[in-house]
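Colleague:
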Amino acid sequence: FLIGSDVGTVGLTQEEADRLRTYLLKGGFLWVDDFWGNAAWDQWSREIAKALPPSEYAIEDVPLEDPIFRSQFVVTRVPQITNIRFWRFSGGQETSERGPETDQAHFRAIRDKNGRIMVVMTHNTDVADSWEREGEDPGFFYQFSPDGYALGVNVLLHAMTH
377 FLIGSDVGTV
387 GLTQEEADRL
397 RTYLLKGGFL
407 WVDDFWGNAA
417 WDQWSREIAK
427 ALPPSEYAIE
437 DVPLEDPIFR
447 SQFVVTRVPQ
457 ITNIRFWRFS
467 GGQETSERGP
477 ETDQAHFRAI
487 RDKNGRIMVV
497 MTHNTDVADS
507 WEREGEDPGF
517 FYQFSPDGYA
527 LGVNVLLHAM
537 TH
């Protein structure tokens, strides 16, 4: 189980991409999080395509009816979780770190040929901040951590049992 953050700036060598592909096709799991906007999405898409060509392994938007959203908790929406600094700067009112371009959080996945999710991508959200920053501010915790933990537990349980 691997987690990557800010993958909108990643650059994989072909050797790294080949090793990632081998890992994923042997049953590994990758969750990438905390990358915002179209440019970051485009960069990530190009890089993951080196390991998992989209002609064989398409990126899909995962519907809320998918079992991954019910592994332990019932998740009814993809939470948009901002970093704590932005949250404080906005007075706790804004979650879209880059305005209208990033106002929708996405939960996307890549499946293997048997339908197993190998890669989860949470774009325009920073789910990990709901775990990392929960003790820094009670307001941040109550606004983001319950939803962030629910999603995180579901993804982890799904990845470990499928």
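Numbered per this note's numbering, the sequence shown spans residues 377 to 538.
Each residue gets a CB set at the ideal place from its N, CA and C atoms; glycine is no exception.
Following the continuous alpha helix (DSSP H) through residue 534, name the residue where it begins and the one where it ends.
Modeller: Element bounds for residue 534: 514-537.
Colleague: Go ahead and pull the three-state DSSP assignment for residue 454.
Modeller: Coil at residue 454, not helix or strand.
Colleague: Tell me whether residue 422 sits in a helix, a strand or coil according to DSSP, three-state version.
Modeller: Three-state DSSP puts residue 422 in a helix.
Colleague: Taking the CB atoms as reference points, tell me whether residue 554 and residue 481 lie closer together than 8 Å.
Modeller: No information on residue 554 is available, as it lies outside the stretch 377 to 538 that the chain covers here.
Colleague: Based on the DSSP secondary-structure assignment, which residues constitute the bridge partners of residue 496?
Modeller: In the DSSP output, where bridge partners are listed per residue, residue 496 has 407 and 485.
Colleague: For the stretch 484-504 against the stretch 448-468, do three or more pairs of beta-carbon atoms, one drawn from each stretch, fall closer than 8 Å, so that the two count as touching?
Modeller: Segments in contact, yes.
Colleague: Hey, how far is the Cα of residue 380 from the Cα of residue 407?
Modeller: Computed Cα separation, rounded: 6 Å.
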